[in-house]
Each structure stands twice: as C-alpha cells, then as structure tokens.
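Structure record follows, encoded as structure tokens.
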Amino acid sequence: MRQRLHLAVYALLAAAIAAATVLANGAPQAAAPQTLAPRLPRYDKTRALLLPADYRQWVLAGTSLGLSYAEGAQPDEHPMFKETLIEPSAYRHFVETGEFREGTMLAMIMHGVGENALPGRHGQFASEMHGVEMAVKDSSRLPEGWAYYAFGGANWQTVSAAQPMPKSACYDCHKEHAKRDNVFLQFYAMLSASAPRSAKLD
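Offset between the sequence shown (1-based) and my numbering: plus 479.
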C-alpha cells in the first residue's frame, strides 16, 4: 500500500513539473510554414530555355477557351483550351508580395476541345495536348526582362528546349495590355485573387 502511495506521489510531482515547464516556456509554438527555395529557369549551351520536367505539377493560375488577342479576328473554328500554370516558388512570392520576382516562370498548356465522349452527354472538355508555351522573367537573359518560348514541335510534339520568340510575337502585346508586369492577370482570376490585399493590381 505504501509503495503504491509513493508511486502516486511521484506521478503527481512529475505532472506538476511538466506543467510548470510549459508555463515557463509558454505555449507550444506552431510550426513555421515551409519556405520554397527560388526555382530559376535553366538554359542549355546555346542559351535555349529548357522545358522543366515537372511543369504539369505547377500551380494553376487560370484557364481559357478560344481566347485570342488579335484585334478584329474571327472566332476560331477550332478553339483550344488553355491552362496557365505558375512555378510554385514564384507563386509563393507573388502571394506574399503581389510581385513577379526575377526567375518567374509561367507555362501555358494548349489542348484540343473534346465532346461527345461517353458517359458525357453534353458540354466540352480539354482533350489531347497540342503544345506548351512559357513566359519567363529573366533580365539576365534579355534586357526587356520577359521572354516568351514555344515548345510545340513538328506535329505538335513538344521539344525539350526553345529560343525566345521575337518581341513582336508576344512581348509587345504583353507590355501594352498586361494588367501587371507583362502578365495578363485580367485573364487569371485565380492568380489575381491570391495576391495580398495590400498589393494594388492595376
């Protein structure tokens, strides 16, 4: 009986010491959020941009169907679904600051339009992939900062590396019409909504 009493006293003392330690040190702190190391674009020996192997795993910025920037253009008879993804560490920086840092990479994946596929009875869906394009902010590569690359090869097969397209192909339009820093945020509602409220997206 006495032995059991001693054990109970020891248990109470241990509990009291543990409680005092918690009070002295404060409540346990929540784990700090993990930060992503900046992921930067990579180039080959000819300074061609290498298509990242994991671009399909990036963060979704927005989608579109049949979107065209050409003034007066007729609706495309064969529109494409387009998904724009942003590299995760660049996305995290945008969420925290509202800015696109150096090294930001966005990938646009283009799909055909599918329909009449069972069990679907109505509507359309993104079907086979037709190509990939990328926008990259890298002032060390080109003085204007942003460059645009097309990875669609023969028969719409993607290639592993690409040189920047001429400024007249993409850059000039983005520079003139983009909502923020050459990025068409007006078409990327999901990405725009992720910016901090303190960042004015004009």
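By construction, the Cβ of each residue, glycine as well, lies at the ideal position given by its N, Cα and C atoms. Here the structure is a predicted model, which means the values were calculated and not measured.
- When C-alpha distances from His-590 are compared across Met-584, Gly-599, Glu-607, Gly-582, the shortest belongs to Glu-607.
- The straight-line gap separating the alpha-carbon atoms of Pro-643 and Ala-657 is approximately 19 Å.
- Here Val-615 is near Leu-528, since their CB atoms are less than 8 Å apart.
- Annotated three-state conformation of His-590 is strand, per DSSP.
- Closest in C-alpha terms to Ala-674, from the list Phe-573, Thr-542, Ala-596, comes Phe-573.
- No Cβ-Cβ contact shorter than 8 Å links Ala-629 with Ala-640.
- With a threshold of 16 other beta carbon atoms within 10 Å, Gly-541 meets it and is buried.
- Pro-520 sits buried, since 16 or more C-beta atoms from the chains shown fall within 10 Å of its C-beta.
- For the 8 Å CB-CB criterion, Val-611 and Leu-539 do not form a contact.
- The beta carbons of Pro-622 and Gly-582 sit about 16 Å from each other, so the pair does not count as a contact at 8 Å.
- Apart from the 5 residues on each side of it in sequence, Asp-651 has no Cβ closer than 6 Å to any other Cβ in its chain.
- Burial of Thr-563 is indicated by the presence of at least 16 other C-beta atoms within 10 angstroms of its C-beta.
- Per DSSP, the unbroken beta strand (DSSP E) holding Phe-560 starts and ends at 560 to 565.
- With contacts defined as CB atoms closer than 8 Å, Met-613 and Ala-586 qualify as a contacting pair.
- Take the alpha-carbon of Met-669 and the one of Thr-525: they are about 35 Å apart.
- Classified as buried, Leu-664 has 16 or more neighbouring CB atoms from the shown chains inside 10 Å of its CB.
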